[in-house]
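Residue numbers (this note's numbering): 1 to 192.
Note that CB positions come from ideal geometry on N, CA and C, so glycine has one too.
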C-alpha cells in the first residue's frame, strides 16, 4: 500500500508540472526554430505564423547537424502548433516518417519522428489536465482520443543506430506514454 501511495504521489507531482515534452521549454539561445513568442509558461504560439508552412519549416530546421536541444524545442513547438489544427500533426508526422525512409541510417531522422510522436501524445494531456483557457480548450484538437504514431520504437531505433544522448529523452517520454496507454486501455474497456 505504501509503495502504491508513493507512486501515486510521484505521478500527481509530474501531472502538476505538466507533460515534459510539451510543457518544459528548452533554452536554445539564439538558435533558429519555429516562430515563438517569449512568454511565461509553455504556450508561446505566434498567431501570425502561417500553419501551412509548419511541416516544411519543421523539416528544414531539423538538419543532421542541428543540435539535440534545438531539435527538441523545434519539435515541441511543432507539436503545440499542430494541436489546434485538424490533421496537422498527421501531416508533420507523415513527412518526418517519409524522411526516415530516405535516410534510414541517420539516427536523428528516426529520433525526430519518434520525439514528435511522443510530444503530440503529450499534447493530449494538456487537454485532459485542463491546462487551457475555455477558448483554447474548444480549439484544442489533440485530446488524446486516439493514439498517434508510436514514438518509442522510433527513438529506440535512433539509439541503436548510434544517436548520442537520447536515453534520457526516452525516459522523459515514458511516464506519460505509459499513462496514455493505460488511459486508452481503460477507455476501450469502458466502451465494451
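Item, Value
"State the Cα-Cα distance for the pair residue 188 and residue 182, rounded to the nearest angstrom.", "10 Å"
"What does the alpha-carbon distance come out to for the pair residue 175 and residue 156?", "16 Å"
"Just the C-alpha distance for residue 158 and residue 22, rounded to the nearest angstrom, thanks.", "21 Å"
"In the DSSP assignment, find the alpha helix (DSSP H) that holds residue 165 and state where it starts and stops.", "Run containing residue 165: none; DSSP gives neither H nor E here."
"With a 10 Å radius around its C-beta and 16 neighbouring C-beta atoms as the bar for buried, classify residue 123 as buried or exposed.", "buried"
"Quick one: residues in its chain with C-beta nearer than 8 Å to the C-beta of residue 194, no 5 flanking neighbours on either side, listed in chain order?", "The displayed coordinates of the chain run from 1 to 192. Any statement about residue 194 would go beyond what the structure contains."
"Within 10 angstroms of the Cβ of residue 180, are there 16 or more other Cβ atoms? Answer buried if so, exposed if not.", "buried"
"In whole angstroms, what separates the C-alpha of residue 41 from that of residue 90?", "26 Å"
"Please state if the CB of residue 116 and the CB of residue 194 are separated by a distance shorter than 8 Å.", "The shown model of the chain, from 1 to 192, leaves out residue 194, and the question about it has no answer."
"Whose C-alpha, out of 191, 185, 163, 192, is nearest the C-alpha of residue 65?", "163"
"Go through its chain and collect everything with a Cβ distance to residue 37's Cβ below 8 Å, but skip five positions before and after it.", "44, 45, 46"
"What runs of the alpha helix (DSSP H), each 4 residues or longer, lie entirely inside the segment 104–149?", "107–128, 134–139"
"In this structure, how does DSSP classify residue 28 when only helix, strand and coil are distinguished?", "coil"
"Per DSSP, what kind of secondary structure is residue 73 in: helix, strand or coil?", "helix"
"In or out: residue 57 buried (at least 16 other Cβ within 10 Å) or exposed?", "buried"
"Could you check the C-alpha separation between residue 55 and residue 69 for me, to the nearest Å?", "19 Å"
"Could you work out which residue in 113, 67, 152, 105 is closest to residue 78 when comparing CA atoms only?", "113"
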